[in-house]
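Quick note: the sequence shown, position 34, residue 34 per our numbering, numbers continuous.
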Amino acid sequence: MTRLLELLLHRIAAWAVRPPVTTDPTEGTMPKFLLDLSERTVATYAEALIGLLLVGGVTSLSALQSAAVAAVPAGLAVIKGALAAFLGRADTAALLPAAADPASRE
Numbered sequence: 001m002t003r004l005l006e007l008l009l010h011r012i013a014a015w016a017v018r019p020p021v022t023t024d025p026t027e028g029t030m031p032k033f034l035l036d037l038s039e040r041t042v043a044t045y046a047e048a049l050i051g052l053l054l055v056g057g058v059t060s061l062s063a064l065q066s067a068a069v070a071a072v073p074a075g076l077a078v079i080k081g082a083l084a085a086f087l088g089r090a091d092t093a094a095l096l097p098a099a100a101d102p103a104s105r106e
């Protein structure tokens with residue numbers, strides 16, 4: 001686990017020092033990856049929150065508690081996306097191997 005964390009931090013540091021090639025946020029590896037990961041994280045949070053609010057009577061959670069609990073799957077989505085940068089394409093948060101990723105066929 002420590003080695004994986006080292007690899008992740010090294011990759012993030014390498015992206016951080018690389019000067020941007022363009023001002024278009026949809027171009028380049030890191031901005032595209034961050035946009036993809038952000039979209040997935042926000043969607044996961046919204047889905048979890050809506051789900052918890054819909055079953056609020058069953059879980060007896062308040063709206064504030066539901067909002068806090070919904071952050072857990074969103075945090076897991078961030079971790080999954082960061083790991084996916086090593087297993088799949090570097091510019092997406094997809095866990096698919098690069099050869100099987102439909103975005104690779106663009």
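Ideal Cβ placement from N, Cα and C applies to all residues, glycine included. Since we're looking at a predicted model, the values are computed, not measured.
Determine the extent of the alpha helix (DSSP H) in which residue i is found, giving its start and end residues.
i, result
"serine 66", "63-87"
"valine 58", "56-59"
Select from the options the residue whose C-alpha is nearest the C-alpha of residue i.
i, options, result
"leucine 87", "Pro31, Ala67 and Ala99", "Ala99"
"alanine 70", "Lys80, Ala43, Thr92 and Gly81", "Ala43"
"tyrosine 45", "Ala90, Gly75, Asp36 and Ala93", "Gly75"
"valine 72", "Thr41, Leu83, Ala93 and Asp91", "Thr41"
How would you call residue i, buried or exposed, if buried means at least 16 neighbouring beta carbons within 10 angstroms?
i, result
"threonine 22", "Its pLDDT being 49, under 50, threonine 22 is placed unreliably in this model, and the value from its coordinates should be taken loosely. Flag for threonine 22 reads exposed."
"serine 66", "buried"
"glycine 57", "exposed"
"alanine 63", "exposed"
"leucine 49", "buried"
"leucine 95", "exposed"
"alanine 77", "buried"
"alanine 93", "buried"
I'd like to know if residue i contacts chain D, where contact means its C-beta is closer than 9 angstroms to some C-beta of that chain.
i, result
"isoleucine 79", "Here chain D cannot be found, since the structure has a single protein chain."
Who are the near neighbours of residue i in its chain, counting only those whose CB is closer than 7 angstroms to its CB and skipping five residues on each side?
i, result
"threonine 59", "Leu52"
Less than 6 angstroms between C-beta atoms, sequence neighbours within five positions excluded: which residues of the same chain meet that for residue i?
i, result
"aspartate 36", "Thr92 and Ala93"
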